[in-house]
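Below: one structure, written as structure tokens.
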Amino acid sequence: MRIAIDIQGMQTESRFRGIGRYIGSLLDAFSEVSKNHEVFLVANASFPESVMELRDRFSRPNSNFHVVQWHRTETADHHTAEAEVTSATSRSLFLAFIDELKPDLFLCSSIFEGYLNAAITAVPKRNERSYVYAAIVYDLIPYRMASVYLQDENYAVFYRKKLAELHNIDLCLTISQFSASDIIESKIVVDSSVANISAGRDACFQPIRLDENQAERLFKKFHITKPYLLYVGGSDARKNLPRLINAFATIDSESLSTFQLAIVGKIPNGDELMQIASDAGLIEDHIRLLSHVTDDELAHLYNKSRAVIAPSLYEGFGLTVLEAMACGTPVICSNTTSLKEVVDNPMATFDPLDKDEMAVRISKVLNDQSYRAALIKAGLESAKSFTWKVAANHLLEELEAAPPLKNSVRAIKNQRAFKETIDTLTTEIAKISGVQDWDRGKLLSLARSIEHNHPLSSRTRTLFVDISELCQRDSGTGVQRVVRSLLRELVESPPQGYIVEPVYSTVDSEGYQYAHQYGNTLFGDNSYPSSDSPIEYESGDIFLGLDLQHHVIAAQANTLKFLQTAGVQIWFVVYDLLPIQFPDFWNPQANVSKMHQDWLEVAASFSGVLCISGTVADELSQWLTATEHPNSKDLNIQSFHLGSDFELSPRTRGVPRDAEAMLARLRSAPSFLMVGTIEPRKGHSEALDAAEQLWKEGRVFNLVIVGSRGWLVDALLERLDNNPQLNAQLFLLSGVNDEYLGKIYDHCDCLLAASYGEGFGLPLIEAARRGLPILCRDIPVFREVAREFACYFGSEATNSLDVAIKCWLEAYAKNSHPKSDGLPWLSWEQSADAVRAVLLKHEIPRKQLLIDISELVKHDAKTGIQRVVRNVLGELLANPPSGYKVTAVYACSEFPYRYATNYISSFFQRGEHLATDDYINFASGDIFLGLDLQPQIVAQNRGFYQKLRRQGVKVHFVVYDLLPVLSPQYFPEGSPEAFVPWLETVVENDSPLCISQAVATELEDWAIGKNTALSESRSAKYFSLGADFSGGGVNAFAEQPLYDINKTSTGKPRFLMVGTLEPRKGHVQVLEAFDLLWANGVDVDLMIVGKKGWMADSLCHRLLDHSEAGERLFWLEGISDADLNDTYGIATCLIAASYGEGFGLPLIEAAQKGLPIIARKLPVFEEVSQMGAYYFEGSAPQDLFMAITRWLQLYHKGSHPKSNTIQCVSWAESARSLLSQIDSLPLR
Amino acid sequence: MSLLSNRLINWGMTKPRLVNSVHSLVDFIPPLRLAIERRVSTVMDENNKANEAGNSITHTKEDSTAALRDTTLTPFGKRIYAKLNAGIEINNKGSL
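Residue numbers (my numbering), protein chains in the order written: chain A, 1 to 1228; chain B, 1229 to 1324.
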């Protein structure tokens, strides 16, 4: 069962009150007992701060709970006409949102929400919804005590309106038996079951032993100086506080001097109460008002209190009484409403209107030890029966037992297209009085709310099934039999997430129409509209060309291309290629071969084709290759088998008069049956030749040909008509009805299938179903269908037909012929299952993996990070995670993000270009991956990412390093300050994805330092970067090399540095070390690859003006990835002298080339290179000079550390590693 | 890339590659650069003030302001907006 639960009671002010706590605790327990049901918790987006709390609380991995949020229209000032309009439109939005969830049952957990706030509750009439409506009604306090609680006229109107709506609910749930009886008695619900699901208590309310220090701290905090009688609750009239204070004032003086009265709760009228106390003779020391306490503090207060009192005149349940009893505290309470039910002990109750009786009870409970002991014991026992698990089980039982709603108008509507939901909603809203006066801004906001509530990705998609031929004329051909059977199956059991709409077109019409009229005829239930109308489609829909209508497809080719451009997948069923393979078997004037070829060319130019056998799929594939069809490599070719469970019982009845005589003659000798239209392809001539040959040899058997006259068979028919064996051993039967054909099958001994080509082979299956043995031509499709359950003839390896018949007859005589009984065949349901599976497997995924590449789109600076971004993006686009569509996005000024459609088009050099990129849409289940590094933009969009998360989108950022904050000295002034807001944004979203374990550790430490420690569910993850140069898009932006690298091929040891020229990279130390090397006569080259970065003016001048520049010192600035690849190839050793890195991509790239490495001893370099690098320490030129000198000695001896021990991953593996760290993605 | 270039691109006023070429040129003509940045700064201030006052961008005419807001809808959002408008129009005609 699918259950939707409105949880606005956990979002409004109610979340701070008992109702909010009740719903939360009940749902926590319900999530444990309702695993067999799908539960949607419906939150209101107007309370954004609560939405993430609710998601964190209920949307756990593998939970059956899903938190979804709906958007209302903007609110207006209360009690104005405009507020009425916004409320009415929001009501429509809310109900449409619930409708679209398609619940079996809707539970409103707090029906009276929405007064003076943005919550909306609504109960549609029974005939306007398709789900059972249940509501929890906690009490009828305002109804029963109207003079007190409905004094505010506006609230009275609101409350009475809500009460009236309760007439329409189907199941009323209460929290006590008293409330249930009260509701039944009040008759506020009609035709509704009323059931008590009760309530529970939170685990913190239990007997607790506080040590002296804890108790002292507690008392000190709340200024409690004596043992106390505790009251917990509000101070509104029904709570009866004045009478409690007066009763307390009349207890004996000794008790009064020994005990205090502690009142816990929101007490807005505290002064008034203190005045009452004063009037009753109490002094300030007698009473303590405790405004706000936490649950834990409350549990402690219960535990340390002398007793708890609940003098209320009316309660729906009495949670505080239960909590106190569970803490092992004596409780006394009113003998009215639900309290006596909860406390379940007459000894503990008193008349709340009788001050004196109350005072007696108070004295007794404060002083009488045996009475107290009895109350404690009874209270603990009573409390045991009230647990949230018990309440949740009651709730589950009641929801499961609720009778389903009978079909209603909306129930039928819910089966219709998503488009109708939007149409109905917009039409309904447009009719609301006052909406006409809304300005453009309000309407745009409304449109956005509708879009958020009904994202395209969650809509029911449409599978359009083209039945153009069938709905125009049903001529009963084999193809039409297939079309009708498959259509029926698909309509009755659509692929999950789709509705199926039969459609048609004609040669001269524009586009396709819904075949409503034909649908009504076929299904005979008038469930379709009475007239046909043009189809409406959205991206993600599927068009299946099921019928075979050559001319229509040719005429509609452009329409189909347009549909495809709009994101509709176009599939065709291909029955065969016979007119192309055997053009001579068709009348040349009919031009069938050309027509079929043209049709196939169009059909093969879209998304995919479904062939009715593997043989046809193979033949099509070969034909596409042979004809060099432009789509031959991209076309998705799939196959399925047709169903065969046609009704075997005859549809047309009656047998000719001479039938018995005929059937007797068939029985007189072995009879071979040929069934099918008489046309050249079917091989009748060859069969006749073989039969005549065998008859001449004296063989006795019958050849029975059943079929109507086809084309190009004049000579054959003449030969048959004039055959001397006609009606002796040769029988030619036409116009045979079903009943007679059945009898003929039963009286024959073997099906002879001599066809030269078929798309499938239905006659073989029909014969097998009747137990008739099969002798068929050895063609691939018959082998595919009949396998070892038939006897074959006609291939090079097997006999000619006359020999085959002879052999078969001999085997038949010995009963050793192949039996057809075991031949497997499918029902139409199974056949349709295969079609559904193919279409669903290849459907456009609904969920999006949005990859932020904002910096790359703006400017490809060819930094290391951008190399990562390009390569990972390329891999993800090529191999998207299962069920996700990978789309690149970028930040823009007027709305946070657009799809990077144009950039991706350039990325793949497709040449397509849109005028503008569209703004992104997003929905629950999507993932946003901040792959690119754009600190400022990300920090600016901080709010937007939270908006995404509230909508149910997971937001992850890739963290390359924390260097600007950890090593600010290497960055321009202001960089660290700009970097911190970015980091803050990163850690407030879902798990950050770091490029090394070292970075993940640094990030966790940084977050702890900032008091924003990442929770376990959002802890920093890490993945490995790739290093191969064959990754997608690496060379997409290659530029001309700025320097001829061959000039460096001098034969000397060549040291290479790769990285932007900036202080952190250690270029200065390296350059000065090389100065020492050169000064000491060491003949080595130094190649520096990297663009000029920041704080590098002096370094660049030194490089350019160096005496060795162009001789032994080479600066290769801004070379392409391809040239970098070559540079690695000619180098002798990589020097990684950086003072800090997030990963160390050059180390991996060098390792992949087998290039030895000298690296600074940094944790991250050791993590990446382990034993595969020669490490050095110290920042003085001399330190590195010594290290290089030592390394050269080792190198010449061949004993330097080898980098081939470093584990390298490809970019494909890197992308997979990244995805594996995203929890919300399915495991790969 | 300069702040100016970033702003130009962010506003969708030009393409990154074009900006790259132009801004190199502009960088070498200080008076031109100063003049452009001054203008940009003025417009940004106006916009900030307008945004703070709850309005949209003020340096464009009212109609084009509305058009700009309209474009922030996704294509699907625009279709919904059109349906709402069409529905209201039909109802208005009906009430006449």
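Beta carbons: idealized from backbone N, C-alpha and C, even for Gly. Quick caveat: nothing in here was measured; it's all calculated off a predicted structure.
Candidates the options, of which the one nearest residue i by Cα
{"i": "Leu823(A)", "options": "Leu877(A), Thr627(A), Leu772(A) and Pro972(A)", "result": "Leu772(A)"}
{"i": "His71(A)", "options": "Ala81(A), Leu256(A), Thr86(A) and Leu849(A)", "result": "Thr86(A)"}
{"i": "Lys442(A)", "options": "Ile1158(A), Thr73(A) and Gln369(A)", "result": "Thr73(A)"}
{"i": "Leu1071(A)", "options": "Ala1013(A), Gly1009(A) and Asp1183(A)", "result": "Asp1183(A)"}
{"i": "Gly1236(A)", "options": "Trp1115(A), Leu54(A) and Pro330(A)", "result": "Shown here, chain A extends from 1 to 1228; a query on residue 1236(A) therefore has no answer."}
{"i": "Ser632(A)", "options": "Ile450(A), Leu716(A) and Ser605(A)", "result": "Ser605(A)"}
Closer than 7 Å to chain A by CB, residue i
{"i": "Lys1311(B)", "result": "yes"}
{"i": "Leu1232(B)", "result": "Residue confidence is low: Leu1232(B) scores 46 on pLDDT, short of 50, so the model does not pin down where it sits. No coordinate-derived value is stated."}
Closer than 7 Å to chain B by CB, residue i
{"i": "Asp6(A)", "result": "no"}
{"i": "Ile120(A)", "result": "no"}
{"i": "Gly918(A)", "result": "Looking at the sequence itself, residue 918(A) is Asp, so the reference to Gly does not match. With 7 Å as the cut-off, Asp918(A) counts as an interface residue toward chain B."}
{"i": "Gln997(A)", "result": "no"}
{"i": "Leu456(A)", "result": "yes"}
{"i": "Arg653(A)", "result": "no"}
{"i": "Glu628(A)", "result": "no"}
{"i": "Lys431(A)", "result": "yes"}
{"i": "Ala1000(A)", "result": "no"}
{"i": "Leu1042(A)", "result": "Summary for Leu1042(A): the model assigns pLDDT 39, below 50, so the residue's position carries little reliability; its value from the coordinates is reported in the next sentence. No - not a single Cβ of chain B is within 7 Å of the one on Leu1042(A)."}
{"i": "Ala88(A)", "result": "no"}
{"i": "Leu443(A)", "result": "yes"}
{"i": "Ala894(A)", "result": "Looking at the sequence shown, residue 894(A) is not Ala but Glu. Yes, contact with chain B."}
{"i": "Asn1230(A)", "result": "Any answer about residue 1230(A) is impossible in this case: the structure gives chain A only from 1 up to 1228."}
{"i": "Asn921(A)", "result": "yes"}
{"i": "Ile450(A)", "result": "yes"}
Any chain E beta carbon closer than 7 Å to residue i
{"i": "Arg867(A)", "result": "Checking the listed chains, one finds no chain E in this structure; the protein chains it contains are A and B."}
Residue j beta carbon less than 7 Å from that of residue i
{"i": "Leu548(A)", "j": "Val479(A)", "result": "yes"}
{"i": "Ala43(A)", "j": "Phe106(A)", "result": "no"}
{"i": "Tyr504(A)", "j": "Ser458(A)", "result": "no"}
{"i": "Val574(A)", "j": "Val609(A)", "result": "yes"}
{"i": "Ile309(A)", "j": "Leu375(A)", "result": "no"}
{"i": "Asp961(A)", "j": "Val999(A)", "result": "yes"}
{"i": "Arg238(A)", "j": "Tyr138(A)", "result": "no"}
{"i": "Ile499(A)", "j": "Thr462(A)", "result": "yes"}
{"i": "Lys1229(A)", "j": "Glu1177(A)", "result": "Not covered by the structure: residue 1229(A). The range shown for chain A is 1 to 1228."}
{"i": "Val1164(A)", "j": "Leu1025(A)", "result": "no"}
{"i": "Gly707(A)", "j": "Ile678(A)", "result": "yes"}
{"i": "Ala888(A)", "j": "Ile865(A)", "result": "no"}
{"i": "Asp99(A)", "j": "Tyr133(A)", "result": "no"}
Rounded distance between the beta-carbons of residue j and residue i, thought under 8 Å
{"i": "Ala1137(A)", "j": "Met1057(A)", "result": "7 Å"}
{"i": "Thr225(A)", "j": "Asn196(A)", "result": "Going by Cβ atoms, the distance from Thr225(A) to Asn196(A) rounds to 42 Å, so no, they are not a contact pair."}
{"i": "Trp599(A)", "j": "Ile553(A)", "result": "6 Å"}
Same chain only: Cβ atoms within 8 Å of residue i, ignoring 5 sequence neighbours per side
{"i": "Ala76(A)", "result": "Glu82, Ala83, Val85 and Thr86"}
{"i": "Gln581(A)", "result": "Glu619 and Gly757"}
{"i": "Leu244(A)", "result": "Tyr231, Leu261, Ile309, Pro311 and Met358"}
{"i": "Ser363(A)", "result": "Ile251, Asp252 and Ser255"}
Cut-off 6 Å between Cβ atoms - residues of its own chain near residue i, not counting five sequence neighbours on either side
{"i": "Pro880(A)", "result": "Val886"}
{"i": "Ala811(A)", "result": "His817"}
{"i": "Ile332(A)", "result": "Ile309, Ala348, Arg361 and Val365"}
{"i": "Thr426(A)", "result": "none"}
Own chain residues within Cβ distance below 7 Å of residue i, not counting five before or after
{"i": "Asn1238(B)", "result": "Its pLDDT being 49, under 50, Asn1238(B) is placed unreliably in this model, and the coordinates cannot settle the point."}
{"i": "Glu628(A)", "result": "none"}
{"i": "Pro48(A)", "result": "Arg950"}
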